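A quick write-up on the structure given underneath.
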Amino acid sequence: MTRAFKQRFPAGWRATSLGDELPLAYGKGLPAKSRDATGTFPVYGSAGVAGHHSESLVDGPALIVGRKGNVGMAHLVAGPSWPIDTTYFATFRSDQAPKFFKYLLDYLDLRSLDKSTAIPS
3 MTRAFKQRFP AGWRATSLGD ELPLAYGKGL PAKSRDATGT FPVYGSAGVA
53 GHHSESLVDG PALIVGRKGN VGMAHLVAGP SWPIDTTYFA TFRSDQAPKF
103 FKYLLDYLDL RSLDKSTAIP S
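Residue numbers (the numbering used here): 3 to 123.
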């Protein structure tokens, strides 16, 4: 990184990578037949809410990103949820602004990077 570029950062900012700031984890399978439909926690798939369950995998807030089907589609979830295995998810540190990361992923247009031929993945 050039010295001139470093000088453009506001005071207190630092250079980093998206992967270091927002490490993604795989969602966990939860077949529809195993879900408690009367549960209060949303179950998220790549396209958004796919049902409900009585347990959560993530306490929230979380950013859930489609990895199969609707690749790159990002969902910002304020509370507890269950991201299933067609997604990645990330939680946040107390010093991070979740909406910033949602806007950043939308701006990066991850869906345009899909190179699959049949089912986006």
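Glycine is no exception: its CB is placed at the ideal position from the N, C-alpha and C atoms.
Just so we're clear, the structure is a prediction, and the values are computed from it rather than from any experiment.
Using three-state DSSP, classify residue i as helix, strand or coil.
| i | result |
| --- | --- |
| residue 65 | strand |
| residue 59 | coil |
| residue 91 | strand |
| residue 85 | strand |
| residue 76 | strand |
For residue i, tell me which candidate among the options has the shortest Cα-Cα distance.
| i | options | result |
| --- | --- | --- |
| residue 101 | 17, 36, 77 and 52 | 77 |
| residue 70 | 46, 38, 93 and 25 | 46 |
| residue 74 | 113, 14, 21 and 16 | 113 |
| residue 30 | 103, 49 and 59 | 59 |
| residue 79 | 72, 87, 62 and 86 | 62 |
| residue 35 | 107, 52 and 108 | 52 |
With which residues is residue i paired in a DSSP beta bridge?
| i | result |
| --- | --- |
| residue 15 | Residue 15 pairs with nothing; no bridge assigned. |
| residue 50 | 47 |
Give the straight-line distance between the Cα atoms of residue i and residue j, rounded to the nearest whole angstrom.
| i | j | result |
| --- | --- | --- |
| residue 42 | residue 56 | 6 Å |
| residue 94 | residue 15 | 18 Å |
| residue 64 | residue 89 | 12 Å |
| residue 97 | residue 23 | 11 Å |
| residue 85 | residue 66 | 7 Å |
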